[in-house]
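These notes are about the structure you will find just below.
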Amino acid sequence: MYSQHARDDVFEDGITPAMRAWADVKEAQRTGRIMVARSIGIETKSINDKVKEEVLKLDFNGVYGYLPKSRVDAYNLRGLQHYLDRDLEFVIDNVVIDQHASVGTFVANRAKALEKKTVRFWKEAQEGQIFEAFVRGVDQYTLYLLVEGVSVELNRSQVGYMYYDDLTEAFEIGDTLPVKLIGITRPANGNKGKITVDSRTLQEDPWKNVVNYEVDGIYVGRISKIHPEHGMFVEMIDTPGLVVRTNFPAYSGNHKFKIGESLRVRIARIDAAGRRMKAVAFLPQHSKRNDGRRSPYGSR
């Protein structure tokens with residue numbers, strides 16, 4: 001079906017990390033254990049001689065796996081791009097042995113892993129527990145989450161203290177956020193069960209410190225989110241959780257902004273009642289210096 005060549009050096013006794021990972025893969029297929037691997041690509045393949053479909057290519061410690069689009073989620077997926085470069089849970093449907101290589105490949109099933117997690121969740125979950133929720137969908141007002149395989153909706157007022165005009169400007173499919181389980185009705189008598197979660201209760205209200213900022217003041221923050229259409233979200237460096245939305249600086253040229261990058265911003269407006277702040281970002285000084293070195297005249 002597919003072949004894979006060893007990508008790493010041989011360790012003592014001739015065993016490579018990929019060979020150890022391959023042993024884990026085969027053991028996980030036998031036991032049904034849930035695994036985690038990084039998605040590193042999107043390809044089109046025929047799985048088990050069926051019609052070709054898009055698959056996520058996974059890397060499990062040097063062993064490649066393939067997660068078909070039809071086995072990613074029971075949710076109606078528009079595409080796989082949002083699942084790229086993510087750590088994904090799955091069980092192994094089957095392994096493919098290559099007689100000419102030390103390791104083979106595997107076919108993954110995330111939807112089945114979510115089903116297994118759901119069963120365990122309904123048995124063990126208790127109110128007050130904290131989980132890492134997976135964003136499987138988002139619109140202007142609502143995040144559609146998976147909590148241990150269980151679907152739940154989170155209104156924008158429950159996301160955090162920051163005001164969101166449109167959640168799609170700050171979140172996308174594949175993002176995660178911590179949530180607290182505040183209500184649970186377990187499945188019974190044909191009832192599918194229901195949970196209620198909240199993320200805001202896990203956060204300290206950063207807006208109590210907004211008095212430390214003033215309009216036209218210039219402050220230092222770090223980029224916490226980058227949206228290609230709506231600009232950047234910058235967290236104030238001295239007030240964790242206080243986030244302002246800002247533009248991409250004018251004349252930014254080829255500068256590639258990164259999550260965690262330090263940035264200077266000028267506060268343009270503070271709406272304490274509406275819990276909103278707008279700012280204007282400045283191009284980082286090191287980027288200006290680099291631009292100057294590229295130009296024989298020091299500017300453009």
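Counting in UniProt numbering, the sequence shown runs from 1 upward without gaps.
Each residue gets a CB set at the ideal place from its N, CA and C atoms; glycine is no exception.
Being a predicted model, the structure only gives us computed values, none of them experimental.
CB contact flag (Arg156, Leu145, <7 angstroms)
If you check the CB distance, Arg156 and Leu145 do not come in under 7 angstroms.
Inter-residue Cα distance where the pair is Lys117 and Arg264:
43 angstroms
Nearest residue (CA-CA) to Pro178, options Glu169, Leu154, Tyr163 and Asp165
Leu154
The stretch 66 to 85 touching the stretch 167 to 176, judged by at least three CB pairs closer than 8 angstroms:
yes
Kindly give me the distance between the Cβ atoms of Val159 and Lys180, rounded to whole angstroms, as I take these residues to be in contact under 8 angstroms.
Going by Cβ atoms, the distance from Val159 to Lys180 rounds to 12 angstroms, so no, they are not a contact pair.
Runs of alpha helix (DSSP H) lying entirely within the stretch 89 to 146, each at least 4 residues, in chain order
110 to 124
Other residues of its chain near Ile184: CB distance less than 7 angstroms, five sequence neighbours each side excluded
Ala125, Glu127 and Ile195.
Just to confirm my understanding: we take Ala113, look at its own chain, exclude 5 residues before and 5 after, and list those with CB closer than 7 angstroms. What are they?
Contacts found: Ile34, Glu89, Phe90 and Val91.
Starting from His227, follow its DSSP beta bridges and name the residues at the other end.
Gly231
Keeping to the same chain, check which residues put their C-beta closer than 7 angstroms to that of Lys26; ignore five residues upstream and five downstream.
These residues qualify, in order along the chain: Val95.
Within 10 angstroms of its Cβ, does Thr105 collect 16 or more other Cβ (buried), or is it exposed?
buried
Hey, Thr246 and Ala272: beta-carbon distance below 7 angstroms or not?
Going by C-beta atoms, Thr246 is not nearer than 7 angstroms to Ala272.
I'd like to know whether the C-beta atoms of Val234 and Gly221 end up nearer to each other than 7 angstroms.
Yes, the Cβ-Cβ distance between Val234 and Gly221 is below 7 angstroms.
Start-end ranges of the beta strand (DSSP E) lying completely within the stretch 180 to 214, minimum 3 residues:
194 to 198
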